[in-house]
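Inspection log for the structure reproduced underneath, given as structure tokens.
Residue numbers (this note's numbering), protein chains in the order written: chain A, 2 to 363; chain U, 3 to 249.
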């Protein structure tokens, strides 16, 4: 996470070690700090990590391969519903997480390929419209099928469990010291996020990553240098969807309940905004974007309500409206001040040491 | 044409290309022999770029046959043709604007796995394109048009092509730069690479090419050696765009 450390103003440049320690400390201690304020905040952090995973997955499609996807949340839904079917009393199956999560990822990847095939020849606006439609179709299906319980959704999902111990019960360390379930979820999700970062980072610098970068910059030229653009694009959709599917499964386990409401177009747009806001194509940026844009609305919610009460004696603006307002404002200011995102992507796909002339780079 | 007797490296037989209802190429046949520099000239919309893209495999053909090194490649996808030595430098250069110059060049070797040979080829390209070598770490999108064209050609060379397809390398460039690019093209021909060059700058192309084909309205109308075509009054008018059929 050196990139994040480098991004801290002043400290990052002059005391890189201190900056790294600060970032690492914050990441590790965040739930403890948040718990001291209130459990709501730990819950917010948990959700933020799920958004980080979503943003990382979407970045693969949008940032690396340059394929605009407005229906990404559909893969999250596929993952979440897979969990709901295979780990809840709904149909009475209770598979362990290490079976359900890969299955959810596989189904999501399959959905990614299914979406990928018809849109192979589309670019830009047209691609956006079709993917948007795809996202809506999945949501509306979930809301109208009887196996999914329609709009009521499915509840009492199993939580993450390991050797018969359920994470949602918390961890009784000693008689009067118990680690909160929400805190445990944080660390569990953190592991998945770190795993995702490692995998995505390797992908980015692989032949596959270079192929995606080529398609993003010029598809015809990519074909002309021997890249199988069809397979590469399908792979981008499938890989991106995989991360969506895994985080969807985690979401199901965390929430204990899924319904179509969680997978609206607005969510797709929110995740896309995180990617664009943070810096398309740059992992550090995407992570910061996802954290910032999932935490800020919550902070705002807790400030805005009492503030409005105090100032006007009543609530004029609903927090949900404020969230949209904030996302829009964030985008506008970003376009004005940092058009390539908070932490813009480096032009090169390669590790610095891969190039002979890195010293001349400046 | 010393290689006339040998089997052609590339052969097109009655190739037609359609965009929906519109037929852009209406049945053309042409041949390229190993080591030749052949140009394909004609006005805008004559079907030159479509023909080139069909040979590279980035555009499907409606009917006819493409043969490369004696084998039919009509239905072979583009990425497999690259492996067999067909490289296209697309119209408008088509470089990867967000990658650096060196990354662009290395991308040319995407299909190759022999590391040492790639490094050697990279050095060879550097010596051929000294201006490009000075800018290796620069983001390719910030290069001048001429430099971008050089990068595009260099990138194509890194795939070790046997047949190089150049689509209007002179487009939008100053005469001095165009001359430099044609010098590079000649060096490449000397190394034994067969080149099919599409150009609107017919004068220049015919001066360098051994043979030429003139395309008009989707058909090959005239063919001959470079000198013959240069003197042909019909070529001069086609090149000037005075024919009725041109859109």
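Every residue gets a Cβ at the ideal spot worked out from N, C-alpha and C, and that includes glycine.
Cross-chain neighbours of residue 110 of chain U in chain A, by beta carbon under 7 Å:
Going along chain A in sequence order, the residues near residue 110 of chain U (Cβ under 7 Å) are 226.
Strictly below 9 Å CB to CB, what residues from chain U border residue 69 of chain A?
Correct list: empty, because the minimum Cβ distance to chain U is about 16 Å.
Contact residues within the segment 203-214 of chain A, judged by C-beta distance below 9 Å to chain U:
Answer in chain order: 208, 211, 212, 214.
Residue ranges of each beta strand (DSSP E) within the segment 209-292 of chain A, 3 or longer
Here no run is fully enclosed.
Are the beta-carbon atoms of residue 12 of chain U and residue 200 of chain U separated by less than 7 Å?
Cβ atoms of residue 12 of chain U and residue 200 of chain U: not closer than 7 Å.
Note down, in chain order, every chain A residue with its Cβ under 7 Å from the Cβ of residue 198 of chain U.
In chain order: nothing, as chain A lies at least about 14 Å away.
Residue 13 of chain U lies in the beta strand (DSSP E); which residues open and close that run?
Element bounds for residue 13 of chain U: 12-21.
Check this for me: beta carbons of residue 255 of chain U and residue 43 of chain U, under 7 Å apart or not?
Here chain U has residues from 3 to 249 only, and residue 255 of chain U is not among them.
Consult DSSP for residue 132 of chain A and reduce its assignment to one of helix, strand or coil.
Reduced to three states, the DSSP call for residue 132 of chain A is helix.
Nearest residue (CA-CA) to residue 139 of chain U, options U:119, U:105, U:95
It is U:105.
Taking 6 Å as the limit between beta carbons, can you name the residues of its chain near residue 132 of chain A, skipping five residues before and five after?
Excluding positions up to five away in sequence, the list reads 70, 71, 72.
Between the alpha carbons of residue 346 of chain A and residue 126 of chain A, how many angstroms are there, rounded?
Separation of residue 346 of chain A and residue 126 of chain A (C-alpha to C-alpha, rounded to the nearest whole angstrom) is 23 Å.
Looking at residue 102 of chain A and residue 96 of chain A, is the spacing between their C-beta atoms short of 7 Å?
Their beta carbons are not under 7 Å apart, which means residue 96 of chain A does not touch residue 102 of chain A by this criterion.
Return yes when the Cβ of residue 331 of chain A is within less than 7 Å of the Cβ of residue 255 of chain A, no when it is not.
At least 7 Å separates the beta-carbon of residue 255 of chain A from that of residue 331 of chain A.
Which first and last residues belong to the beta strand (DSSP E) in which residue 217 of chain U is found?
That run of the beta strand (DSSP E) goes 213-218.
Which bits of chain U does residue 221 of chain A rub up against, with CB to CB less than 7 Å?
At a C-beta separation below 7 Å, residue 221 of chain A has these neighbours in chain U: 60, 92, 96.
Among U:225, U:22, U:61, U:134, nearest to residue 77 of chain U - alpha-carbon criterion
Of the listed residues, the one whose Cα sits closest to residue 77 of chain U is U:61.
Note down, in chain order, each residue of its chain lying with its Cβ closer than 8 Å to the Cβ of residue 224 of chain U, except the 5 sequence neighbours on either side.
Within the same chain, and ignoring the five residues on either side of residue 224 of chain U in sequence, the residues whose Cβ sits closer than 8 Å to its Cβ are 215, 216, 231, 234, 236, 237, 240.
Candidates U:152, U:213, U:10: closest to residue 181 of chain U by CA position
The shortest Cα separation from residue 181 of chain U among U:152, U:213, U:10 belongs to U:152.
Candidates A:166, A:248, A:235, A:160, of which the one nearest residue 112 of chain A by Cα:
Checked all of A:166, A:248, A:235, A:160; the closest Cα to residue 112 of chain A is A:235.
Candidates A:327, A:108, A:227, A:54: closest to residue 294 of chain A by CA position
Nearest C-alpha to residue 294 of chain A: A:327.
Does the segment 157-172 of chain U come within contact of the segment 105-115 of chain U, defined as at least 3 CB pairs closer than 8 Å?
Contact between the segment 157-172 of chain U and the segment 105-115 of chain U is present: three or more C-beta pairs spanning the two stretches fall below 8 Å.
Which word fits residue 370 of chain A, buried or exposed, when buried means at least 16 other C-beta atoms lie within 10 angstroms of its C-beta?
Because chain A spans 2 through 363 in this model, residue 370 of chain A falls outside it and cannot be assessed.
Closer than 9 Å, Cβ to any Cβ of chain A: which residues of the segment 35-67 of chain U, in chain order?
Listed by position, the residues of the segment 35-67 of chain U near chain A (Cβ gap below 9 Å) are 55, 58, 59, 60.
In the DSSP assignment, what residue or residues form a beta bridge with residue 165 of chain U?
Bridge partners of residue 165 of chain U: U:88, U:196.
Residue 84 of chain U: contacting residues in chain A (beta-carbon distance under 9 Å)
In chain order: 224, 225, 226, 227, 228.
Do we get a CB-CB distance below 7 Å when we pair residue 159 of chain A with the residues of chain U?
Not a single C-beta of chain U is nearer than 7 Å to the C-beta of residue 159 of chain A.
Pick helix, strand or coil for residue 178 of chain A, following the three-state DSSP scheme.
The answer is strand: DSSP assigns residue 178 of chain A an E or B state.
Of all Cβ atoms in chain A, is any one closer than 7 Å to the Cβ of residue 80 of chain U?
For residue 80 of chain U, the answer is yes, since a Cβ of chain A falls inside 7 Å of its Cβ.
Compute the Euclidean distance between the alpha carbons of residue 61 of chain A and residue 240 of chain A, then round it to the nearest angstrom.
Cα to Cα, the separation comes out at about 8 Å.
Residue 161 of chain U: contacting residues in chain A (beta-carbon distance under 8 Å):
Ordered by position in chain A, the residues that pass the 8 Å Cβ test against residue 161 of chain U are 226, 227.
Which word fits residue 262 of chain A, buried or exposed, when buried means at least 16 other C-beta atoms lie within 10 angstroms of its C-beta?
Residue environment: residue 262 of chain A is assigned as exposed (fewer than 16 neighbouring CB atoms within 10 Å of its CB, all protein chains considered).
Tell me the residue span of the beta strand (DSSP E) that contains residue 113 of chain A.
Looking at the DSSP string, residue 113 of chain A is not in any beta strand (DSSP E); the run it does join, the alpha helix (DSSP H), is 98-117.
Name the DSSP beta bridge partners of residue 201 of chain U, please?
Looking at the DSSP assignment, residue 201 of chain U forms a beta bridge with U:43.
Compute the distance between the beta-carbons of residue 89 of chain A and residue 157 of chain A, then report whether it is under 7 Å.
The Cβ atoms of residue 89 of chain A and residue 157 of chain A sit closer than 7 Å to each other.
Check the Cβ of residue 1 of chain U against every Cβ in chain A and list those closer than 7 Å, keeping chain order.
In the structure displayed, chain U extends from 3 to 249; residue 1 of chain U sits before or after that span and is not available.
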